[in-house]
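Counted from 1, the sequence shown has number 222 at position 220 by the working numbering; the numbering is strictly sequential.
For reference, the structure is listed below as C-alpha cells.
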Amino acid sequence: MDSYVSEEVSAALAAGRPVVALESTIITHGLPRPRNLDVAVAAEDVLRGQGVTPATVGVLHGKVTVGLSTDELRTLSLDDAAIKCSIRDLPVAMVRGASGGTTVAATAFLAHRAGITVFPTGGLGGVHRGASHTYDESADLVALSQIPVVMVSAGVKSILDVGATLERLETLNVAVLGYGTDAFPGFYIADSGFPAPFRVDTPAEVTAIAHARDALGIGAAVLVARPVPTEHQLDAGLHARVLAEALAAADAQGIHGHDVTPFLLDYFHTATDGASEATNVEIYLGNVALGGQIAAAW
Ligand code: PSU
Ligand code: MN
3 MDSYVSEEVS AALAAGRPVV ALESTIITHG LPRPRNLDVA VAAEDVLRGQ GVTPATVGVL
63 HGKVTVGLST DELRTLSLDD AAIKCSIRDL PVAMVRGASG GTTVAATAFL AHRAGITVFP
123 TGGLGGVHRG ASHTYDESAD LVALSQIPVV MVSAGVKSIL DVGATLERLE TLNVAVLGYG
183 TDAFPGFYIA DSGFPAPFRV DTPAEVTAIA HARDALGIGA AVLVARPVPT EHQLDAGLHA
243 RVLAEALAAA DAQGIHGHDV TPFLLDYFHT ATDGASEATN VEIYLGNVAL GGQIAAAW
C-alpha cells in the first residue's frame, strides 16, 4: 500500500517523538455536528499541548490516512455519507473511494501498522446485551486480541453487557488495568459494578507492563480503563432509566449490526438533553490526556 502516513506523523515517528493515534468513528458517528469537529480538534490540541503528535486516523475518498489534517478532519466531520469503517470495511472503502470514520478496531489496526502504540478512545466496543442470540460482539474485541496497542478507555460502553465483555477480554488475552481505581469503569458512570482485574496508578506502571508484554511477544492489547471523574459522571438513576428506554427503542425499531452503537449513543444524547454528550466529551478528552502521558513516558 502506498504511503498513507502524514508527513508530520512520519517525521515524529522517525525522530522517536511520542505519537498518539485517535479514531474517527467518534467524529462521524459518535457525536453530533458541529460539536464532533470541535472535539476532534480539541483532542489534537490536548496532545499538542503535551508535546505529543496526534495521528487521527480515517478514510477520505478512499484514501486511508494516519494523521488527518484539520481540513481533512473538517471534511470528514461534515460528510453525511461517511461510513463507519471497521477493519473489514477498509478495503471496500478504498476501492469505492468512500469516506469513513475508523472504529477502534480499524484505528488500532492502522495505527499499529504505522508504528503507533498508544491509542485513547471514549468507550470501547464489546459484547452487546442479548449477544447470546444476536451474536453482536464488537470487532474491537477481536482486534485488541490481535494488535499489541496500549488502549485507553473509560471501560466499555455502558450500553453493553459489561460482565460478558470482561469475560471476553479475559479469553482474548487482553490485560485490563483499572487506572487509579479498583472498579472497572462504566463509561458514563465511574463504576460499572464489576471489579477491575488489576489496578495501576501511574503512566510508568502502564508502560512497564506494556514493555513486559512486548518482551514476551504477547500480541494482544493492554487496556487502561480510566473512570470518568465522579463530578462529571451521569446521574445513576438517569443512566438506568435512559438505558432501559434506549434498549427498548432499538429493539422496537429493529436496529441491528453496526447501527446499534450510534443509535444508542444518539438516543442517550437526546434523552438526557445533552448531559450524556457532555460526559462523553469529558471522558474522551480525559482519556486522550492520559494517552498523551503514557506516550510521553514510553
Ligand atoms: N467511544 C465513544 N464514542 C464512539 C465510539 C467509541 O465515546 O462512538 C465508537 C468506536 O469507534 C468504537 C465503536 O469502535 O464506537 C464501537 O462500535 P460497535 O459496537 O458497532 O463495534
Ligand atoms: Mn456490532
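In this text, a Cβ means the ideal position worked out from N, Cα and C, and glycines have one as well.
Alpha-carbon spacing of residue i relative to residue j, whole angstroms
i: D4; j: L70; result: Unreliable placement is indicated for D4, whose pLDDT of 46 sits below 50; the coordinate value is still reported in the next sentence. Rounded to whole angstroms, D4 to L70 spans 16 Å at the Cα level.
i: S194; j: A238; result: 11 Å
i: A217; j: Q148; result: 16 Å
i: G288; j: V230; result: 8 Å
i: A185; j: I191; result: 11 Å
i: R50; j: A291; result: 10 Å
i: T55; j: P122; result: 13 Å
i: A57; j: I118; result: 9 Å
i: T232; j: P187; result: 11 Å
i: Q235; j: T281; result: 6 Å
i: S26; j: A133; result: 25 Å
i: E10; j: A84; result: 25 Å
i: E279; j: V106; result: 19 Å
i: L240; j: D275; result: 11 Å
i: N175; j: A222; result: 6 Å
i: T204; j: G165; result: 26 Å
i: V161; j: L266; result: Residue identity check: residue 161 is Ile in the sequence provided, not Val. Computed Cα separation, rounded: 7 Å.
i: P34; j: G125; result: 17 Å
i: A13; j: R228; result: 30 Å
i: A16; j: Q295; result: 20 Å
i: K86; j: V226; result: 24 Å
i: D253; j: D268; result: 15 Å
i: A145; j: L168; result: 15 Å
i: G127; j: A113; result: 18 Å
i: T77; j: Y286; result: 21 Å
i: V129; j: V262; result: 12 Å
i: L92; j: T109; result: 10 Å
i: I257; j: T183; result: 34 Å
i: E46; j: V120; result: 14 Å
i: L249; j: G259; result: 14 Å
i: P36; j: P197; result: 36 Å
i: R243; j: A251; result: 12 Å
i: G219; j: G53; result: 29 Å
Residue i classed as buried or exposed, judged by whether at least 16 other C-beta atoms fall within 10 angstroms
i: A156; result: buried
i: L80; result: exposed
i: F189; result: buried
i: Y137; result: exposed
i: E247; result: exposed
i: T67; result: buried
i: V94; result: exposed
i: V97; result: exposed
i: D142; result: buried
i: E74; result: buried
i: T209; result: buried
i: Q255; result: exposed
i: T173; result: exposed
i: H135; result: exposed
i: E30; result: Before going further, note that residue 30 is Thr rather than Glu in the sequence given. Buried, because 16 or more other Cβ atoms sit within 10 Å of the Cβ of T30.
i: G293; result: buried
i: G102; result: buried
i: A1; result: An answer regarding residue 1 cannot be provided, because it is not within the stretch 3 to 300 covered by the chain.
i: A23; result: buried
Rounded distance between the beta-carbons of residue j and residue i, thought under 8 Å
i: G60; j: T104; result: 6 Å
i: P199; j: V178; result: 5 Å
i: V283; j: V41; result: 6 Å
i: D163; j: R131; result: 5 Å
i: V152; j: A212; result: 5 Å
i: V158; j: Y181; result: 14 Å between Cβ atoms; not a contact.
i: R170; j: E139; result: 7 Å
i: A206; j: A297; result: In fact, because the Cβ distance is near 12 Å, the residues do not count as touching under 8 Å.
i: T72; j: V48; result: Going by Cβ atoms, the distance from T72 to V48 rounds to 15 Å, so no, they are not a contact pair.
Any non-hydrogen atom of the ligand MG closer than 6 Å to residue i Cβ
i: D138; result: Looking at this structure, you won't find the ligand MG anywhere; what it does contain is the ligand PSU and the ligand MN.
Next on the checklist: What ranges does the alpha helix (DSSP H) occupy inside the segment 180-239, keeping only unbroken runs of at least 4 residues that lie completely in it?
Outcome noted: 205-218
Item to check | Ranges of the beta strand (DSSP E) found wholly within the segment 61-145, counting only runs of at least 3 | outcome: 65-68, 85-87, 102-104, 120-122
Next on the checklist: Could you tell me which whole alpha helix (DSSP H) segments of length 4 or greater appear in the segment 4-40?
Outcome noted: 9-16
Next on the checklist: Could you tell me which whole beta strand (DSSP E) segments of length 3 or greater appear in the segment 147-180?
Outcome noted: 152-155
Item to check | alpha helix (DSSP H) segments (min. 4 residues) lying fully within the segment 231-281 | outcome: 238-254, 262-273
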